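Have a look at the structure below before the remarks.
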Amino acid sequence: MGKKIINPWKWQDDRSYNQGVEVKHIESTLYCAGQAAVHPDGTSSDADMRTQLLLAIHNLEQVVSQAGYELKNIARLNIYTTNHPEFFAAFDTFTEWITKNEIKQVSTVVEVKTLYETLCVELEATLVK
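The C-terminal position of the sequence shown is numbered 290 in the working numbering, with every residue numbered one higher than the one before it.
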């Protein structure tokens with residue numbers, strides 16, 4: 162698999178995403194449902210944004226691992242949040258995770274009116290290998 166990053170500018174570098182990702186010679190693709198702060202027993206977290214973001218990341222990591230993929234193979238990672246100021250207040254948690262796992266993805270952040278029950282952030286990923 163070949164992965165080429167397309168960035169006509171430099172400003173997105175501080176925001177932990179890329180303008181485009183071209184992937185060639187793909188063996189397989191994994192489409193992950195939105196992963197949120199849902200505990201193993203199926204209950205939704207009612208914690209603050211940072212805590213929910215960490216649990217959503219953990220849940221995404223579990224899906225990716227069980228499927229036999231690596232986090233660095235995330236090509237698209239969309240973020241849905243019910244409160245963008247709170248999400249961006251916890252953005253350092255997100256960017257540290259992106260950097261640590263060498264993820265080079267395109268992303269879109271969307272504020273939505275509501276997510277399921279008490280959830281405030283959801284991560285939707287597409288991976289390739």
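A virtual CB, placed ideally from N, CA and C, is assigned to each residue, including glycine. If you're wondering where the values come from, they're calculated on a predicted model, not measured in any experiment.
Neighbour-count burial assignment, residue i, 16 or more Cβ in a 10 Å radius
i: N220; result: buried
i: S226; result: exposed
i: A217; result: buried
i: E283; result: buried
i: A228; result: exposed
Residue i beta carbon near the ligand FMN (any heavy atom closer than 6 Å)
i: Q180; result: As presented, the structure is devoid of all ligands, the ligand FMN included, so that no description of it is given.
CA-to-CA distance, residue j to residue i, given in whole angstroms
i: E247; j: V182; result: 28 Å
i: T242; j: A250; result: 12 Å
i: K274; j: I240; result: 13 Å
i: Q213; j: L280; result: 8 Å
i: Q173; j: D209; result: 27 Å
i: Y165; j: V271; result: The sequence shown places Lys at residue 165, not Tyr. Approximately 25 Å between the Cα atoms of the pair.
i: L191; j: R176; result: 24 Å
i: Q266; j: N179; result: 6 Å
7 Å CB neighbourhood of residue i in its chain, flanking five on each side removed
i: L232; result: E222, V225, N262, I264
Proximal residues to residue i (C-beta, below 6 Å), its chain only, five neighbours per side dropped
i: C193; result: V224, A286
Short Cβ contact (7 Å threshold) for residue i with residue j
i: L276; j: I235; result: no
7 Å Cβ cutoff, residue i in contact with chain B
i: T212; result: Annotation note: the requested chain B is absent from the structure, which comprises a single protein chain.
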